[in-house]
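Presented below is the structure to which this report refers.
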Amino acid sequence: MDLKESGLVEPHTHWYYVSKASAIKADVGKLASRPLRIIDIGAGSGYFASMLLKELGGVANCVDTEYVYDYTKGLIEFTKSPVMKDANTFLFIDVLEHVSEPIELLRKHLEYAKTGDIIVISVPAFKSLWSSHDEFLGHVDRYQVRDILSWLSKLNKKFEIIKKHYLFSLIFPAVFVIRQLPRGKKSDLRPHSKLVNLFLKNISIIDNTIIRSKFFGLSAYVVARIK
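Quick note, in our numbering, the sequence shown goes up one by one and the last residue is 238.
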């Protein structure tokens, strides 16, 4: 969860985070054959790492340059720079869109990644969805699955691509229409009624874990394993 959106919603119950986490948990859970040692780059609140630890066990290092200071909470170290050695799971969830050279950020943090390590990448999808929400969060661009695959191909490593698809395809048409309307520079995240939140959570979990659209969605998503 981006620190700029901290306090706007509760990620452990909000439909967007819960349903995105459902895909990550399912995919990492199928691949993990050892205790997780997670490095979560651009982790913000650390929600995705904490969710994986709760479900699958292990330890994590959440890294974000926006942290005011380094600290430890439970099984997670929150630091401005990576401190974990011998990580086996690398999360790049909604972080690569914040930099002008995504390949360099990947190269930097995957330099010592080894055979069998898991990589999970998610970025905002499709330039047609660009809006004041992106400007508020400081995004540089929006991408497609093919962009992520291109970045990985330019690294000095070989990857087995496990998943490559889009998340949140079912709500894409509605969001596309909304994003065309003039609005102030602010986040789109907001709390909803319990009923609306439950509905969006359930359809998005089905969308993100079963449908897994190859054609469109709000987020481009790739899971890979180093050969």
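Think of the CB as a built atom: it goes at the ideal place given N, C-alpha and C, for glycine as much as any other residue.
The structure presented is a predicted model; accordingly, all values stated were derived computationally and were not measured.
My understanding is that A61 touches I104, with C-beta atoms under 8 Å, so please give their C-beta distance in whole angstroms.
In the sequence shown, counting from the first residue as 1, residue 61 sits at position 50. In the sequence shown, counting from the first residue as 1, residue 104 sits at position 93. Per the sequence shown, the amino acid found at residue 61 is Ser instead of Ala. No, S61 and I104 are not in contact; Cβ-Cβ is about 12 Å, not under 8 Å.
Under 8 Å Cβ to Cβ from A124, same chain only, skipping five residues before and after it: list those, please.
Here residue 124 refers to the residue found at position 113 when the sequence shown is read from its first residue. Within the same chain, A124 has close Cβ partners A98, F101, I130, K168 and I237.
Would you identify the three-state DSSP class for N219, choosing helix, strand or coil?
Here the question's residue 219 lines up with position 208 in the sequence shown. Here N219 sits in helix by DSSP.
Quick one: is A32 buried, meaning 16 or more other Cβ sit within 10 Å of its Cβ, or exposed?
Position 21 of the sequence shown holds residue 32. Buried, by the Cβ-count rule.
Rounded to whole angstroms, what's the CA-CA distance from F147 to K36? Just pull it up for me.
The residue labelled residue 147 in the question sits at position 136 within the sequence shown. The residue labelled residue 36 in the question sits at position 25 within the sequence shown. Near 28 Å, if we compare the C-alpha coordinates of K36 and F147.
Do L163 and A235 have their CB atoms nearer than 9 Å?
By 1-based counting over the sequence shown, the position of residue 163 is 152. By 1-based counting over the sequence shown, the position of residue 235 is 224. Taking 9 Å as the Cβ cut-off, L163 and A235 qualify as a contacting pair.
Looking only at its chain, what residues have a beta carbon closer than 8 Å to the beta carbon of Q155, apart from the 5 residues adjacent to it on each side?
The sequence position of residue 155 within the sequence shown is 144, counting from 1. Only A136, F137 and A231 meet the Cβ criterion.
So I49 is in the beta strand (DSSP E); what residue range does that whole segment cover?
Working through the sequence shown from its first residue, we reach residue 49 at position 38. Per DSSP, I49 belongs to the beta strand (DSSP E) from L47 to I52.
Am I right that I172 and V233 are in contact with their C-beta atoms under 8 Å? What's the rounded C-beta distance?
Counted from its first residue, the sequence shown places residue 172 at position 161. Counted from its first residue, the sequence shown places residue 233 at position 222. At roughly 7 Å, the Cβ-Cβ gap stays under 8 Å, so I172 and V233 are in contact.
Suppose you measure from the CA of D218 to the CA of G85; what does that come to, to the nearest Å?
As a working note, residue 218 is residue 207 in the sequence shown. As a working note, residue 85 is residue 74 in the sequence shown. Approximately 32 Å, taken between the alpha carbons.
Quick check: the region 52-69 against the region 78-92, are there 3 or more CB pairs under 8 Å?
Yes, the region 52-69 is in contact with the region 78-92.
Quick one: Cα of H144 to Cα of G40, how far?
Indexing the sequence shown from 1 puts residue 144 at position 133. Indexing the sequence shown from 1 puts residue 40 at position 29. Rounded to the nearest angstrom, the two C-alpha atoms are 31 Å apart.
Look at the Cβ atom of Y177, then the Cβ atom of G127, and state whether they are nearer than 9 Å.
The residue given as residue 177 occupies position 166 in the sequence shown. The residue given as residue 127 occupies position 116 in the sequence shown. No, Cβ-Cβ distance for Y177 and G127 is not below 9 Å.
In this structure, does DSSP put A60 in helix, strand or coil?
Counting from 1 along the sequence shown, the entry for residue 60 is found at position 49. The answer is helix: DSSP assigns A60 an H, G or I state.
For K205, count neighbouring Cβ atoms within 10 angstroms of its own Cβ and tell me buried if that reaches 16, exposed if not.
Against the sequence shown, residue 205 aligns to sequence position 194. Exposed, because fewer than 16 other Cβ atoms sit within 10 Å of the Cβ of K205.
I believe I50 touches P22 by the beta-carbon criterion, under 8 Å. Please report the beta-carbon distance rounded to the nearest angstrom.
Against the sequence shown, residue 50 aligns to sequence position 39. Against the sequence shown, residue 22 aligns to sequence position 11. At roughly 19 Å, the Cβ-Cβ gap does not stay under 8 Å, so I50 and P22 are not in contact.
I'd like to know whether the C-beta atoms of S215 and F179 end up nearer to each other than 9 Å.
Translated into positions along the sequence shown, residue 215 becomes position 204. Translated into positions along the sequence shown, residue 179 becomes position 168. Against a cut-off of 9 Å, the Cβ pair of F179 and S215 comes out as a contact.
Between the C-alpha atoms of S44 and M95, what's the straight-line distance to the nearest angstrom?
The residue you call residue 44 lines up with position 33 of the sequence shown. The residue you call residue 95 lines up with position 84 of the sequence shown. Their Cα atoms are separated by approximately 19 Å.
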